[in-house]
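To start, the structure itself, in structure tokens.
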Amino acid sequence: MPFVIFNLLYLTILPSTIVSTWNYGELGPDVWSDQYPLCIGHSQSPIDIKTACTIYQSFIPFHFSEDYNNSYDFTVVNNGHTILTKYSGNILPSLTVTGGGLNGTFEFLNFHLHWGENYKSGSEHQVNSEKYAGEIHFVYINPQTYQLAVLGIFMHSNRDIHTDHQRKRRDYSNTKKNTLDEWETFFSIAGTLQQADMSVILSLNLAILMGTNLNDFWRYRGSLTVPPCTEDIIWTVFKTPIVFTENELNIFRKKLFFHDYRNPQPLYNRTVYRNFVNEELLSAVDYNCCLKSIPNGANTRNIALLSKITLLFILVH
């Protein structure tokens, strides 16, 4: 129990005085395990989601409490490694989530951001080795079991939308204006927190920040992406990103931290699930690599299907 409480405090406070034993530079991810052995565990996050290797599983939709639709005061703090936001009002609202395959009711703890040096790096998770400009993590806890869950949303730079390759591959135009405006307010204020432990109170609406594209997602068991790298975290990574402007991202890159992300960790024998039926087709090599990683037994039919897809690629190309 003390270790659980420590992690809870770590997630809600994270002051620079506590986390000075690691960073994203000299004391970066490659050496985190010197001080935090869990960081080289076999259930670490983030991961590179190989879509050809994901397994379909039906989940009931997420349900967010009514208070999500209201604006409340949040403390936005520069904790020395990222910008972390937690509720700071006097009357605690019911900011909870159920469904989505989660066991029980989970309460909101914080959200924080990860970003990179440019518009093609910054997300912690990758999809088929593709990076996004950043990633938002909404962190929750089940107060009965102390189980942690993270909802991750990719941050996509508008600079990357206008290339021919991107236009053919995905449509990013469905981020609603109120979500864009709410994040614009957040970036303009958070960008002024240029020193560790600086904070500000900001009125925010979580439902608007998260947007409406929360239907399709991937699910797996992983860890915190920062020390102490605690494992057994339920990860949800949403498929559709939120669009941000390069001006917004540059505020953080130039005024706060150049980058603050961890690269993907080995998947080992873990399974990544998806809650949507159709997944984009990849090359025969990608499917062939999955044959060794899919569990036996219940997924025998998936292996047979992948074998047929591989054969089809060989015959067609």
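Residues -20 to -1, 1 to 297 in mature numbering (1 follows the signal peptide of the UniProt record, and there is no 0) are what the sequence shown lists, from first letter to last. Cβ atoms here follow ideal geometry from the backbone N, Cα and C, with glycine treated the same way. Quick caveat: nothing in here was measured; it's all calculated off a predicted structure.
The beta-carbon separation of Asn158 and Ile188, rounded to 5 Å, stays under the 8 Å limit for a contact. Counting only the Cα atoms, Thr62 lies some 27 Å from Thr78. Closest option to Val223, judged by alpha-carbon separation, among Met190, Trp12, Asn230 and Leu160: Leu160. Ser(-1) sits in coil when the DSSP states are folded into three classes, being neither helix nor strand. The way I'd put it, the region 97 to 107 doesn't touch the region 177 to 193; fewer than three beta-carbon pairs between them come closer than 8 Å. Asp240 sits in coil when the DSSP states are folded into three classes, being neither helix nor strand. Around the beta carbon of Gln24, 16 or more other beta carbons sit within 10 angstroms, so the residue counts as buried. Three or more beta-carbon pairs drawn from the region 105 to 117 and the region 17 to 32 are found closer than 8 Å, and the two stretches are therefore classed as touching. Collapsing the DSSP output to three states places Leu173 in coil. DSSP assignment within the region 172 to 213 yields the following whole beta strand (DSSP E) runs of 3 residues or more, N-terminal first: 179 to 185 and 197 to 203.
Taking C-beta atoms as the reference points, Trp198 and Arg254 count as a pair closer than 8 Å.
Look at Ile231 here: in three-state DSSP terms it is helix. Contact between the region 208 to 220 and the region 121 to 136 is present: 3 or more CB-CB pairs across the two stretches fall below 8 Å. Distance from the CA atom of Asn50 to the CA atom of Leu75, rounded to whole angstroms, is 10 Å. Leu128 is bridged by DSSP to Ile121. Between Cys209 and the set Phe167, Phe54 and Gly21, the nearest pair of CA atoms involves Gly21. The region 31 to 46 and the region 193 to 207 touch, with three or more beta-carbon pairs separated by less than 8 Å. Judged by DSSP in its simplified three-state form, Leu18 adopts helix. Per DSSP, reduced to three states, the secondary structure at Glu110 is strand. Taking C-alpha positions only, Tyr36 is separated from Arg250 by approximately 14 Å. By the beta-carbon neighbour count (other beta carbons within 10 angstroms, threshold 16), Ile121 is buried. Here DSSP, grouped into helix, strand and coil, assigns Leu89 to strand.
Here Ser137 is near Leu229, since their CB atoms are less than 8 Å apart.
Around the Cβ of Leu173, a 10 Å sphere holds 16 or more other Cβ atoms; the residue is buried.
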